[in-house]
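**Student:**
Residue numbers (the working numbering): 16 to 220.
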């Protein structure tokens, strides 16, 4: 269940919503605004990986159950039947948010940024799943939500890992940008050569 410090987030978010899972985004908006980098980042593991895995397993189970139930629910009583399952999804998501919140004790800028990105993308995916209930895209949204849940499990739990991941991502982006630039230059060079060849043919005529 949600920790006492997050119970207010959970209850407030569940008070109103446009769909059954809309509370997820509001929970994350509240929690995310509290995530700030420490003035004195610490070395070592800031959160036991087992703790993160445990809450991810709970969240994965509730999202799977919601998706499976929503796939077969129909008629006017659909929302009423799904509501208790949706509440379990929000409870497990709130617990996951609380677990991520624990990382801010000693977390540097790179780790906080990673946590915010992962939490935000997960909240968005869960919200999309709730909005897609009864729609043809529901199955795809359920798959995307589960994908983001598993991605959450790979969140860094120490500053060094977060910095390394950020550097590797930046290097990959630089390589992609360089490759695109080279391809563009080759295309332009090929086009120029073709145009020159065409001019030569016109001169021969």
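Glycine included, each C-beta is placed from N, C-alpha and C at the ideal position.
It should be emphasised that the depicted structure is a prediction, and the values quoted were computed from it without experimental measurement.
Take residue 146 and list the residues in its own chain whose beta-carbon comes closer than 7 Å to its own, dropping the five residues that flank it on each side.
**Tutor:** 34
**Student:** Counting only the same chain and skipping the five closest in sequence on each side, list residues whose C-beta sits under 6 Å from that of residue 118.
**Tutor:** 61, 62 and 130
**Student:** Where residue 224 and residue 114 are concerned, what is the direct C-alpha to C-alpha distance, given to the nearest angstrom?
**Tutor:** Here the chain covers residues 16 to 220 and nothing more, so residue 224 does not appear.
**Student:** Straight-line CA distance for residue 125 to residue 170?
**Tutor:** 12 Å
**Student:** Report, in whole angstroms, the separation of the C-beta atoms of residue 123 and residue 56, which I expect to be a contact under 8 Å.
**Tutor:** 4 Å
**Student:** Run through DSSP, which three-state label would residue 62 get?
**Tutor:** coil
**Student:** For residue 306, tell me which candidate among 155, 164, 157 and 150 has the shortest Cα-Cα distance.
**Tutor:** The structure shown has nothing for residue 306, since the chain only spans 16 to 220.
**Student:** Please report the straight-line C-alpha distance between residue 185 and residue 76, rounded to a whole angstrom.
**Tutor:** 33 Å
**Student:** Please identify the residue among 121, 96, 181 and 72 whose C-alpha is closest to the C-alpha of residue 111.
**Tutor:** Cα-wise, what sits closest to residue 111 is 72.
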